[in-house]
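*Asks:* Take a look at this one; I'll ask things after.
Numbering (the numbering used here), first residue to last: 487 to 929.
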């Protein structure tokens, strides 16, 4: 191959490569794509001034409303749990018997004095008046024993008065004798002290010996003991006399006569008999009232009426059931006692006062109620009253405060009883904030 042919081959290869795709699969000459362009702010679609103003006018009020409504709720008292509640009134069976027609079911609304059920005659007949007779006999027996003890006490009182007079006279005589004895011993003591003083002077003058002075000291010591004993006896007798005059007598010992112990025993028996007589008379009176009810009841049926207006919260009796006197038949939620029971965090307690307004929102019914605080208790306490509520709402934490809300008369409806609620205590100056909060909550 000549040198000229070799120079032509590279040119042919280059021309062929330009016409044929390369091994990777791309064309030999890359396609030229248009470069991406970023629109300038001036190229964006323009928003009309009216639309922009409308959007801003909606956003700014909503933002301000949220800030104003939600910011105070970090310090404004809000309930942890709350429920619309009511006191339960219990209807008991007036006498033992069979319940006839039961006119209402649980959940029914009833009015005051409305007949709830009819009690028919009791199948248990009153056998006789033995119970009343036995009580009367027991009352008579206790009365007779009480009269006998009181008569015996009267005799002891006479003996006691005579004993007191004799004791006072005897003590007066003993006190006179003890007084004279104490005076006599005091004179002996004074004389012994004078002899001792004189002999001590003589000893200093070397007229007597030490033995004489020691003997005089012994005499003074003995006289002092005797005088002290006489003064003590006199003081003891005076105390006895004062005790007798004030009504005190020795309860035991040789100085107390035997009839005093018997008198005290009689007094104890009288107290016991009086208590027994009172108890028997009360039982007799109750038996008489029960007999009158049974006698009236035995001749026909007796209606059972509702003591309050409200709804039947619970019923524990059915038609034809035999009940005993005092058995619970119905529990009625009193519409006159409808209130809101609230538990809230202890940090809110110092902010609350009796009479503060409260706003109650029932999410289940979408209703908003108004009321005021009627009572509240601190931590580790329960209700101040012992009445039973329809809903027993318990605290979830022992440090919570218990608050009772008295609803406005227009908001006391039996349909609200048992409804869970959210309660806000806005104070007197922030009711608008509370309404905004409830509105945002519904949204």
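Glycine residues also receive a C-beta, built at the ideal position from the N, C-alpha and C atoms. Note that this is a predicted model, so its numbers are computed, not measured.
#1: Quick one: which unbroken beta strand (DSSP E) runs of 3-plus residues sit fully inside the stretch 699-724? Chain order, please.
#2: Please report how far the alpha carbon of residue 826 lies from the alpha carbon of residue 571, in whole angstroms.
#3: For the beta strand (DSSP E) containing residue 857, name the first residue and the last one.
#4: In this structure, how does DSSP classify residue 577 when only helix, strand and coil are distinguished?
#5: Look up residue 791 in the DSSP assignment and say whether it is helix, strand or coil.
#6: Assign residue 839 to one of two classes, buried (16 or more other C-beta atoms within 10 Å of its C-beta) or exposed (fewer than that).
#7: Give me whichever residues DSSP pairs with residue 829 in a beta bridge.
#8: Per DSSP, what kind of secondary structure is residue 585 in: helix, strand or coil?
#9: Can the beta-carbon of residue 723 be found less than 7 angstroms from the beta-carbon of residue 654?
#10: Determine the direct distance from the alpha carbon of residue 801 to that of residue 912, and round the result to whole angstroms.
#11: Taking residue 629 as the reference, give the member of 756, 808, 790 with the closest Cα.
#12: Grab me the residues of residue 689's own chain with a C-beta within less than 7 angstroms of its C-beta, minus the 5 sequence neighbours each way, in chain order.
#13: Which residue from 771, 834, 851, 852 puts its Cα closest to that of residue 862?
#14: What do you get for residue 494, buried or exposed, if any count of 16 or more other CB atoms within 10 angstroms of its CB means buried?
#15: Please look up how many angstroms separate the CB atoms of residue 792 and residue 546, rounded, as I've assumed it's under 8 angstroms.
#16: Can you give the Cα-Cα distance for residue 879 and residue 541, rounded to whole angstroms?
#17: Run through DSSP, which three-state label would residue 820 get?
#18: Please report the Cβ distance between residue 812 and residue 578, rounded to the nearest whole angstrom; I am assuming they are in contact, meaning their Cβ atoms lie under 8 angstroms.
#19: For the stretch 701-709 and the stretch 674-692, state whether three or more C-beta atom pairs, one from each stretch, are separated by less than 8 angstroms.
#20: Does residue 906 come out as helix, strand or coil in the three-state DSSP assignment?
#21: Tell me whether residue 751 is buried or exposed, calling it buried when 16 or more other Cβ atoms sit within 10 Å of its Cβ.
#22: Name the two residues that bound the continuous beta strand (DSSP E) containing residue 796.
#23: Please list, in chain order, all residues of the same chain as residue 841 whose beta carbon is under 8 angstroms from its beta carbon, the five residues on each side excluded.
#24: So what does DSSP say about residue 877, is it helix, strand or coil?
#25: Considering residue 847, what are the terminal residues of the beta strand (DSSP E) in which it resides?
#26: Output the boundary residues of the beta strand (DSSP E) element that contains residue 604.
#27: Here's the rule I'm using: 16 or more other beta-carbon atoms within 10 Å means buried, otherwise exposed. How should residue 810 be labelled?
#28: What is the rounded straight-line gap between the Cα of residue 766 and the Cα of residue 759?
#29: Taking all protein chains shown into account, do 16 or more other C-beta atoms lie within 10 angstroms of the C-beta of residue 692, making it buried, or fewer, making it exposed?
#30: Taking a contact to mean a Cβ-Cβ separation below 7 angstroms, would you say residue 904 touches residue 877 in this structure?
#31: Beta carbon of residue 716, beta carbon of residue 671: below 7 angstroms?
#32: Tell me residue 814's beta-bridge partners as DSSP assigns them.
#33: Cα separation between residue 770 and residue 720?
#34: Comparing C-alpha positions only, which one of 585, 548, 539 sits nearest to residue 804?
*Replies:* The short version:
#1: none
#2: 6 angstroms
#3: 853-863
#4: strand
#5: strand
#6: exposed
#7: 567, 888
#8: strand
#9: no
#10: 40 angstroms
#11: 756
#12: 696, 699
#13: 834
#14: Because the pLDDT of residue 494 is 49, which lies under 50, any placement of that residue in the model is unreliable, and the number read from its coordinates should be weighed accordingly. Label assigned to residue 494: exposed.
#15: That pair is no contact at about 58 angstroms.
#16: Counting only the Cα atoms, residue 541 lies some 47 angstroms from residue 879.
#17: strand
#18: At roughly 5 angstroms, the Cβ-Cβ gap stays under 8 angstroms, so residue 812 and residue 578 are in contact.
#19: yes
#20: strand
#21: exposed
#22: 796-801
#23: 858, 859
#24: coil
#25: 843-848
#26: 601-606
#27: exposed
#28: Straight-line Cα distance between these residues: approximately 10 angstroms.
#29: exposed
#30: yes
#31: yes
#32: 578
#33: 59 angstroms
#34: 585
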